[in-house]
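Worksheet for the structure shown next.
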Amino acid sequence: MSTSQGGDPFSVADAQIHSVTDNGAWCWFQDERAIIDTAGNRALIGAVASRGGKDGDRRGGDIDLHVVDLGSGAAQTVVLHAGLESDDHDDPALWLRSDGRFLAVYSRHKTDELTRWRISEPGDPTTWGPEQSFDWVGDLFGSREAAEAAGGGRGVTYQNLHQLDGVLYCFVRAINDDPCYLVSRDEGSTWQFGGRLLHREKIGYVNGYARYASGARFGGFGQGPDDRIDVIITEHHPRDFANSIWHGYLAGGSLHRADGTVVSALGRGLEDPTPRAEDLTRVFASGSTWGGSVMTHAWTTDLRRFPDGTLVAILTARADDAVGTGTARPAWDAPADEFEPIAHRFFRGVLRPGEDKWEVRELADAGPQLMPHEEDYTGLASIDPDDPDALWLSAVTDPRDGRALDRHEIFHGRTADGGESWTWTPVTERSEVDNFRPIAIPGDPSRQILTWYRGGMKASQDYDAEVLLRVAGRG
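Each step along the sequence shown adds one to the number in UniProt numbering, with nothing skipped, and position 61 is 61.
See the structure below:
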């Protein structure tokens, strides 16, 4: 892998940066977390306010939707659910319906059994109808005893909205902490249990971490048809298992490997035999060697599908890990000098149309873990939804020259040779606080619209962060 510092058509001079909120953040296993409302020239950004942030005693746990005017930068905050839970895992997934109404779906972080949703007024993301919910115990089993007998009753987490053959899917980590899904035939007004996608016996905390991608993104305004949904997934949590990464896709009523081989029918009930992640196509192998380092404990970061069928994925992995899975987790507030830093790398994978083998290349240094008790948290990266050769990442090492930085900074990267080399342009520089978890917001191909948050994180439940929005033309 080589890098360059010049020649990137990334637009800098006309960029506008707006402060969206002084208390907000998000996890990365929900989508879409932010979308562009082109009709209203607005960005819609979901976030969760923290008890550790500004006015946290009053706002902590609020599930917020920030509606930002892309012309003036003025932001209005709509509280979808006040005080639900101070946890960035509760971030809402957003969808634009064909009738102009917006849909927001969210849940707590394994502390109850409800998938919650609200629907806006037509064309108005600031006015919302009442909250409704699907109960993964009561609606699905009728009793907690029956749910627990089937591996349920452990709480649900994460919501991901994608359309397939005119049916809206909501993928949720639910029964047995497996990837399951709800389906809606009325664009999210009502939901029913659709099936369990994959299943396995648990090791440690939870089962696989999935990222999903489809052509008809955020309400049919995406690029491409709604004929398939792709998924990349791990076996377990990386702190409990030296994960590889696997890929499959949903189409024509079945789950497939990358080469089109049918793995199983969709709509698998909880008592039906269900495939494992390893039954899919392997994208990245734990234990593989890259640049003389052995990579393990891979984790899924981002996935996008483009109009011609190209899939692009971003992954992370530990480099030459000496910690493994048999160690006690440090306390969340352990001093930094009391835990061993674990080196991580970013990787980029591409699956081209008509091919069944992923092309994976090392992308950049992802740095040490962000906090002592989360060995695999990094600054993360986001694929440009309108350019498969571009992305943004957060790193504490400058990808241009390998220089150590004082803080996590955001960089824009672009490749002109399939990922062999990259041109990097800083988005933030010499920051006084860290910059985390960029999201390249889909919905407006004419502009590059990026959101991220900056500040400090003690835990997913305790952070002090400001959300920013950057709007720029395409060079």
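Heads up, the beta-carbon is just placed ideally off N, CA and C, and yes, glycines get one too.
Where residue i falls, given that 16 or more other Cβ within 10 Å makes a residue buried
| i | result |
| --- | --- |
| Q76 | exposed |
| I203 | exposed |
| V471 | buried |
| A328 | exposed |
| G473 | exposed |
| S120 | buried |
| P438 | buried |
| D62 | buried |
| V467 | buried |
| T289 | exposed |
| G222 | A caution first: G222 carries a pLDDT of 49, below 50, which makes its placement in the model too unreliable to give a value. |
| G195 | buried |
| T127 | exposed |
| A298 | buried |
| Q5 | Residue placement at Q5 is flagged as unreliable, the pLDDT there being 40, under the threshold of 50; the coordinate-derived value follows with that caveat. By the 10 Å Cβ count, Q5 comes out exposed. |
| D91 | buried |
| T115 | buried |
| R185 | exposed |
| R118 | buried |
| D417 | exposed |
| P130 | exposed |
| E359 | exposed |
| R403 | exposed |
| T190 | exposed |
| G215 | buried |
| D87 | buried |
| I17 | exposed |
| D386 | buried |
| G52 | buried |
| Y205 | exposed |
Given residue i as reference, the closest of the options once Cα atoms are compared
| i | options | result |
| --- | --- | --- |
| R454 | M295, R447, S143 and Y463 | Y463 |
| V231 | W26, W246 and D88 | W246 |
| I314 | R361, P307, E338 and G52 | R361 |
| G83 | W136, D64, M371 and W28 | D64 |
| L80 | G248, A104 and S72 | A104 |
| R173 | D165, E374 and G151 | G151 |
| T274 | R282, D308, D320 and V263 | V263 |
| S19 | T451, S460 and M457 | T451 |
| F29 | L161, G456, D320 and D365 | L161 |
| T244 | G419, R228 and E278 | Checking the displayed sequence, the identity of residue 244 turns out to be Ser instead of Thr. Closest by alpha carbon: E278. |
| E355 | G287, G56 and T310 | T310 |
| D22 | N41, A15, G56 and R42 | G56 |
| residue 495 | R348, P368, Q369 and P372 | In the structure as shown, the chain starts at 1 and stops at 475, and residue 495 therefore has no counterpart that could be examined. |
| V312 | A465, Q448 and G419 | G419 |
| E113 | G73, K357, P122 and F134 | F134 |
| M371 | L182, D226 and I342 | I342 |
| R97 | V78, P122 and A74 | P122 |
| A459 | Q159, R414, I449 and Q369 | Q369 |
| G153 | G138, G166 and Q159 | G138 |
| K346 | I229, Y377 and L198 | What sits at residue 346 in the sequence shown is Phe, not Lys. Of the listed residues, the one whose Cα sits closest to F346 is Y377. |
| G260 | S421, R228, A242 and S293 | R228 |
| T316 | H237, F339, G40 and V427 | H237 |
| G291 | G324, A319 and D272 | A319 |
| G248 | R257, F241, A242 and D240 | R257 |
| M295 | A93, Q132, A74 and D321 | D321 |
| G100 | D337, G208, T38 and V283 | T38 |
| L250 | D226, R239 and T425 | D226 |
Cβ separation of residue i and residue j, assumed to be a contact under 8 angstroms, to the nearest whole Å
| i | j | result |
| --- | --- | --- |
| D398 | L405 | 6 angstroms |
| E85 | R108 | 5 angstroms |
| A210 | T300 | 7 angstroms |
| T111 | G142 | Between G142 and T111 the Cβ distance is about 21 angstroms, and since that is not below 8 angstroms, they are no contact. |
| P125 | V67 | 5 angstroms |
| E187 | L164 | Not really, about 13 angstroms apart at Cβ, beyond 8 angstroms. |
| A366 | H344 | 4 angstroms |
| P353 | D308 | 6 angstroms |
| Y106 | Q159 | 6 angstroms |
Neighbour flag for residue i against chain D, beta carbons, 8 angstroms
| i | result |
| --- | --- |
| S133 | Although the question refers to chain D, the structure presented lacks it and comprises just one protein chain. |
Next on the checklist: For a minimum of 3 consecutive residues, which ranges assigned as the beta strand (DSSP E) are wholly contained in the segment 144–225?
Outcome noted: 157–164, 167–173, 179–184, 192–196 and 210–214
Item to check | Whole runs of the beta strand (DSSP E) within the segment 9–48, excluding any shorter than 3 residues | outcome: 16–21, 34–37 and 42–48
Checklist entry - Given 8 angstroms as the limit, is there contact between the segment 402–410 and the segment 427–446, that is, 3 or more CB pairs closer than that? => result yes
Checklist entry - Hey, which unbroken runs of the beta strand (DSSP E) at 3 residues or more fall wholly within the segment 419–474? => result 421–426, 434–440, 447–459 and 462–473
Checklist entry - What are the start and end residues of each continuous beta strand (DSSP E) run of 3 or more residues lying completely inside the segment 337–366, in chain order? => result 344–351
Checklist entry - Between the segment 261–269 and the segment 140–148, are three or more C-beta pairs nearer than 8 angstroms? => result no
Item to check | Touch test, the segment 30–47 against the segment 433–448, Cβ-Cβ under 8 angstroms, three pairs minimum | outcome: yes
Checklist entry - Which whole runs of the beta strand (DSSP E) in the segment 72–101 are 3 residues long or more, in chain order? => result 75–81 and 93–96
Checklist entry - Is the segment 290–310 close to the segment 327–334, with three or more CB pairs under 8 angstroms? => result no
Checklist entry - Below 8 angstroms, can you find three or more Cβ-Cβ pairs linking the segment 42–53 to the segment 178–190? => result no
Item to check | Whole runs of the beta strand (DSSP E) within the segment 256–300, excluding any shorter than 3 residues | outcome: 262–265, 281–284 and 288–290
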